[in-house]
Amino acid sequence: MSFLSRAGVAATRSTRVVQKRFGSHAAHHGPEAPPTQEGFTSNGFKIALIGVVSLMAWSRIDEHLTKQGEEKHPFTRYIEYYMRSEQESNRLNEQHIQLAQAIAEDKKFVNGATRPPKIQLRYPEYVSTVTFEALIDVVLPSVSFSV
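My numbering puts the sequence shown at residues 996 to 1142.
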């Protein structure tokens, strides 16, 4: 090989351009789809517009409700209507404190109790391997159960 042919081979290798193909281009072999019309017709825009209009309307209604000389906002009156009175809350708190004290006394009683002493058996394996006939012989030695 001559020097020029080597240079030509090296030049073709180094100047090779790699074309990148993305998944969206590779999957789309047919003619391009027509462009879609984009406008303010999506559901998100409708919801946002309704939200803005309703907030503006609520602010006007709220101003009207509080300008009538009422001392409290309607929401405040609604919450206070369904709240417990202070006397009822105090009664429930006292009842809860009494129950907590009773539970504490019960726990103190139970934790202060001592367990009965353990009795060590001399031959514990006899307890698990005893047969019904042996128990009968020990409990009722004079009675015969034979047929």
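Backbone N, C-alpha and C define an ideal beta-carbon position, used for all residues, glycine too.
CB-CB under 8 Å to residue i, same chain, minus the five flanking residues each way: which ones, in chain order?
i, result
"Met1078", "none"
For residue i, I'd like the list of residues in its chain whose CB is within less than 7 Å of its CB, leaving aside the five on either flank, ordered along the chain.
i, result
"Thr1061", "His1068"
"Val1122", "Leu1116"
"Arg1055", "none"
State the DSSP-derived secondary structure class of residue i, mapped to helix, strand or coil.
i, result
"Met1078", "coil"
"Thr1109", "coil"
"Arg1072", "helix"
"Ala1028", "coil"
"Tyr1118", "coil"
"Phe1127", "helix"
"Gly1034", "coil"
"Lys1067", "coil"
"Lys1041", "helix"
"Lys1062", "coil"
Give every residue of the same chain whose Cβ lies closer than 6 Å to the Cβ of residue i, excluding the five residues on either side of it in the sequence, and list them in chain order.
i, result
"Pro1119", "none"
"Ile1114", "none"
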